[in-house]
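Down below is the structure, laid out as structure tokens.
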Amino acid sequence: MADSVLVQIADAVVAELNAPSSPLVPAEGDPLATAARAYAPVFDLGEMADLHVTVVPKAASAERADRATRQFDYSVDVAVQKKLGDGGDTEVDGLMLLVERIADHFNGKRPVQYAGAVCLRADNEPVYSPDHLRELRQFTSVLTLVFRVVR
């Protein structure tokens with residue numbers, strides 16, 4: 348049985364994030380994290396000392412493009428999470444930059460493993476969770492990538 352289009356796009360996002368050209372892979376050194384797909388990601392706070400990048404299928408909508416075709420918009424969330432050390436604002440600045448680079452990596456482009464979709468936009472509001480930062484000392488940012496497929 349084939350996966351839904353939304354799942355295929357989410358898997359393509361994971362593959363792209365884990366590729367050598369990804370924002371998660373610095374020019375030199377090991378990847379910052381390995382992205383993974385999950386439906387309901389739950390992590391113990393103790394696990395969050397390491398950077399977590401989780402891709403979650405989020406939403407799908409369809410409308411008629413013309414008489415013969417429909418366009419489908421598929422939303423995928425990319426969560427970037429890390430328990431903060433003693434780096435303070437500098438550490439948050441680096442994580443904010445990573446989220447921005449992930450958005451730039453996808454925006455306007457087609458994922459290699461699902462070239463039938465194009466990323467229309469990357470939404471990041473709020474840019475981080477103030478509650479997580481205050482209460483858990485954890486950076487959490489959820490980037491929503493919206494992909495369009497016409498068929």
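Read the sequence shown against the numbering used here and you will find it ends at 498, with the numbers running on by one and no gaps. All residues carry an ideal CB built from backbone N, CA and C; glycine is no exception.
Residue i: first and last residue of the uninterrupted beta strand (DSSP E) it sits in
{"i": "T487", "result": "485 to 497"}
{"i": "F419", "result": "417 to 430"}
{"i": "V400", "result": "399 to 411"}
{"i": "V465", "result": "465 to 470"}
Same chain, Cβ closer than 6 Å to residue i, neighbours up to 5 away in sequence not counted
{"i": "V465", "result": "R457, R495"}
{"i": "S476", "result": "T487"}
{"i": "A380", "result": "L371, L398, V400"}
Span of the alpha helix (DSSP H), counted from its first residue to its last, around residue i
{"i": "A359", "result": "352 to 364"}
According to DSSP, residues forming a beta bridge with residue i
{"i": "V439", "result": "Answer is none; V439 lacks a bridge partner."}
{"i": "A383", "result": "T401"}
Residues near residue i by beta carbon distance below 7 Å, same chain, minus five either side
{"i": "A406", "result": "S422"}
{"i": "V497", "result": "A412, T416, Q418"}
{"i": "R468", "result": "N454, V493"}
{"i": "E343", "result": "Not covered by the structure: residue 343. The range shown for the chain is 348 to 498."}
Buried versus exposed call for residue i [16 or more other C-beta atoms within 10 Å across all chains shown]
{"i": "P370", "result": "buried"}
{"i": "P373", "result": "exposed"}
Spatial neighbours of residue i in its chain, beta-carbon cut-off 8 Å, leaving aside the 5 residues before and after
{"i": "E363", "result": "S369, H452, F453, P458, V459, Q460"}
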